[in-house]
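**Student:** For the sequence shown, our numbering begins at 12 and goes up steadily by one. Beta carbons are placed, not taken as given, at the ideal position from N, Cα and C, and that holds for glycine. Here the structure is a predicted model, which is why all the values come from computation and not from measurement. I am attaching a structure below and will ask some questions about it afterwards.
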Amino acid sequence: MLRDCRDKVQSVKVSIIRFLLIIFVRIKARYCRSMAEVQVEAVPLCVEYCGVCGMPPEYCEYSPEPAQCYDWMKANLPDYYTRLVEATSQLEGASLADSKRQTRGGKGLKKLKKKQDEAKRVVVSRSLRTKRKCVTVVVGLKTCDIDLKKASKTFAQHFSCGSSVTGEDEIVIQGDVSFEVADFIPDKWIEVPEDCVEIVDQKK
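What follows is the structure, given as structure tokens:
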């Protein structure tokens, strides 16, 4: 009796396993068939190269002879050449519109024009602060685009004396070194011509 029951249970287990295996195989076959239908055949990408420089046409503008590249492109790749010309014209038009939009206010142009029109003139003079104390005053270095703080430090180091910025465009140097300063400025700063440095009458 027990043996018969065991045989029946064993046969049921085998049947269930066979059934599950059949279902698994069928599902796997369907999955593989659907993946095969979805998979797209790979197509190689065709890239054109310039016959002059050997690079792709979009990089011909960086070649040593772009004019010859464009002539070759016009003869061998007319469609690509037409698209390239249209894209270039659009970019040039956009850049021109941006430049017009930027200069419409005119603030930057006014400042630049004023700076260019401003004459370069450096005046060196001597001033008496007390009966025994003289100082040298330098005015106009700012018209030559020279930083006053750096210039004041340079004067102090070169002449071994005190120097300070006392005005918008004025440097005061301790001591009577007006002639030395007038000779030193063009040698130190090449942007200052010698004929722009002027020594005024000394104040007594």
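1. For a quick check, are the C-beta atoms of V176 and G151 less than 7 Å apart?
2. If you compare alpha carbons, which of A86, K85, N87 and C61 is closest to P75?
3. Tell me the residue span of the beta strand (DSSP E) that contains V149.
4. Helix, strand or coil: how does DSSP classify G117 here?
5. When burial is assigned at 16 or more other CB atoms within 10 Å of the CB, is T93 buried or exposed?
6. Specify the secondary structure class of T141 as computed by DSSP and reduced to three states.
7. Within the same chain, show all residues whose beta-carbon is closer than 7 Å to that of K153, passing over the 5 residues directly before and after it, in chain order.
8. If you draw a straight line from the alpha carbon of E69 to that of V203, how long is it in whole angstroms?
9. Where does I27 land, buried or exposed, given buried means 16+ other C-beta within 10 angstroms?
10. Starting from V157 and walking both ways along the beta strand (DSSP E), at which residues does that stretch end?
11. Compare the Cα-Cα distances from H169 to each of V188, G178, K85 and C57 and report the closest residue.
12. Using 10 angstroms around the beta-carbon of V36, count the other beta-carbons present and answer buried if the total reaches 16, otherwise exposed.
13. Classify I196 as helix, strand or coil using the three-state DSSP reduction.
**Tutor:** The answer reads as follows:
1. no
2. C61
3. C145 to V150
4. With a pLDDT of 49 at G117, under the threshold of 50, the modelled position of this residue cannot be trusted, and the question is left open.
5. exposed
6. coil
7. L159 and D180
8. 48 Å
9. exposed
10. Strictly speaking, residue 157 in this sequence is Ile, with Val absent from that position. No beta strand (DSSP E) contains I157, which DSSP labels as neither H nor E.
11. V188
12. exposed
13. helix
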